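Visitor: Counting from 1, position 112 in the sequence shown corresponds to residue 112 in full-length UniProt numbering; the numbering is continuous, with no gaps.
Beta carbons are placed, not taken as given, at the ideal position from N, Cα and C, and that holds for glycine.
The model shown is predicted, which means the values in this text are computed figures rather than measured ones.
Below you will find the structure I want to go over with you.
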Amino acid sequence: LRGTLQLKNISYGIEPMEAVSGFVHMIYEEKYDNISVPLLGETKTYSYNNIYYHIRKSSERTEFFKLHPQYLEIYIVVDKNLLKPIGIQCRKPSDECDFPEYCNGVSSHCVADTYARDGQSCNSGDAFCFGGRCRIHTKQCRELIGGASRGGPFACYDEVNSRGDRYGNCGRTFCAYANLLCGKLVCAWPHKALVSRANLSIIYTHVREEMCVSTFRVTEKIPKNPWTAIDLPEERDDTFVQDGTVCGPDMYCLRFACVEVQYQIPTARCNSTYCNSHGVCNNLNHCQCEKGFDPPTCLEKKGEFGSIDDGHKAP
């Protein structure tokens with residue numbers, strides 16, 4: 001389909017896009033030197049909303065289009081007309097380690113997720129953020145087996161994760177003493193009724209005054225390791241302690257090992273001093289400022305907050 005469309009004394013050419021499959025056309029503004037002479041002859045005048053349009057056509061092709069009518073559907077998109085104003089919240093925080101995001105007034109999509117950098121303290125200083133979530137033993141136990149379960153004491157972990165089987169391990173083998181808290185998740189179970197969860201095999205171990213529970217996720221997949229069913233940290237499921245979970249003073253679990261947090265944080269790129277002690281570093285190593293402080297360095301400014309990544313400030 002080829003032709004010319006005139007709107008408000010401006011002529012637009014319509015040409016097929018031969019290099020593109022399907023009924024795709026290009027529309028462009030026509031410009032020519034002698035504006036007193038039209039490119040094509042004019043026919044009937046049509047009005048729409050009290051605006052008159054002159055439709056030009058070639059007299060040589062009139063009969064062809066009468067016999068073979070074709071239609072071109074045109075969509076006119078008003079730039080930014082449907083975009084929400086800057087500063088409208090588009091994603092709520094899902095955890096105390098997660099931050100809200102806002103529409104930036106430019107994109108039709110919410111900005112990338114931002115959250116506290118791994119190693120930031122949470123749960124009143126008793127836990128660490130990791131991957132945007134506050135990693136707490138008891139929370140993991142209740143998500144896995146429910147009830148009033150809680151994170152097991154060290155004696156439970158010592159008894160279970162030193163076994164080196166499917167219910168207690170640090171991957172291919174048993175956990176070394178320093179890493180006992182970073183293998184299988186061991187929970188304290190206070191109920192008389194047994195745990196009931198689909199596809200979950202459970203062992204109960206009575207240690208001192210606690211009933212310790214450890215689990216194994218039953219699947220149809222044949223395990224690579226017949227003893228522990230897992231070789232690498234990447235193969236872990238929800239029956240293992242999550243990375244970022246506390247395993248000692250200023251230490252958290254990372255890939256089956258209990259490591260010091262300070263050596264895992266890139267403080268040279270972002271730190272409390274850079275944020276002027278009024279913000280924390282996010283996963284992009286930028287300051288997430290408290291209310292009343294302006295990013296990127298959290299200087300005092302009424303009404304400001306957040307980071308340069310959360311979308312609430314004009315890009």
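(1) Note down the Cα distance separating G125 from I136, rounded to an integer number of angstroms.
(2) D294 bridges to which residues according to DSSP?
(3) With a CB to CB cut of under 7 angstroms and the five nearest residues on each side skipped, what residues in its chain are close to Q262?
(4) Can you tell me the Cα-Cα spacing of F154 and I203, whole angstroms?
(5) Which residue comes first and which comes last in the alpha helix (DSSP H) that contains H137?
(6) Could you tell me the distance, in whole angstroms, from the CA atom of D95 to the CA atom of M26?
(7) Using a Cβ-Cβ distance under 9 angstroms, would A188 count as near chain C?
(8) Nearest CA to the CA of R150: which residue from C258, Q140, Y157 and F216?
(9) Here's a check: name, in chain order, each residue in its chain whose Cβ is nearer than 8 angstroms to the Cβ of F128, leaving out the five neighbours to either side.
(10) Can you tell me where the alpha helix (DSSP H) with C289 in it begins and where it stops?
(11) Taking the DSSP output, what are the residues bridged to G248?
(12) Along the chain, where does the alpha helix (DSSP H) containing V160 start, and where does it finish?
(13) For the beta strand (DSSP E) holding I202, just list the boundary residues, first then last.
(14) Check whether the region 264-272 and the region 100-116 touch, using three or more Cβ-Cβ pairs below 8 angstroms as the test.
Guide: The structure says:
(1) The residue given as residue 125 occupies position 125 in the sequence shown. The residue given as residue 136 occupies position 136 in the sequence shown. Going by the C-alpha atoms only, they are around 11 angstroms apart.
(2) Taking the sequence shown and counting its residues from 1, one reaches residue 294 at position 294. D294 pairs with L299.
(3) As a first step, residue 262 must be located in the sequence shown, where it is residue number 262. The residues are D250.
(4) As a first step, residue 154 is located in the sequence shown; it is residue number 154 there, counting from the start. As a first step, residue 203 is located in the sequence shown; it is residue number 203 there, counting from the start. Approximately 17 angstroms between the Cα atoms of the pair.
(5) Looking up residue 137 in the sequence shown gives position 137. Counting along the chain, the alpha helix (DSSP H) containing H137 begins and ends at H137 to L144.
(6) The residue labelled residue 95 in the question sits at position 95 within the sequence shown. The residue labelled residue 26 in the question sits at position 26 within the sequence shown. Their backbone Cα atoms lie some 48 angstroms apart in a straight line.
(7) Reference to chain C is not applicable here, since this structure consists of a single protein chain.
(8) Position 150 of the sequence shown, counted from the start, is the residue given in the question as residue 150. Ranking the options by Cα distance to R150, first place goes to Q140.
(9) Numbered from 1 along the sequence shown, position 128 holds the residue referred to as residue 128. Within the same chain, F128 has close Cβ partners D118, G119, Q120, S121, C122, C134, R135, G244, T245, V246, Y252 and V261.
(10) One-based indexing of the sequence shown puts residue 289 at position 289. First-last for C289: C287 to C289, but that is the beta strand (DSSP E), not the alpha helix (DSSP H).
(11) Here residue 248 refers to the residue found at position 248 when the sequence shown is read from its first residue. M251, per the DSSP bridge assignment.
(12) Within the sequence shown, numbered from 1, the residue matching residue 160 stands at position 160. Taken as a continuous stretch (DSSP letters only), the alpha helix (DSSP H) holding V160 covers F154 to N161.
(13) Mapped onto the sequence shown, residue 202 falls at position 202. It spans L200 to V207 - the beta strand (DSSP E) in which I202 sits, taken as one unbroken run.
(14) At 8 angstroms Cβ cutoff, the stretches do not touch.
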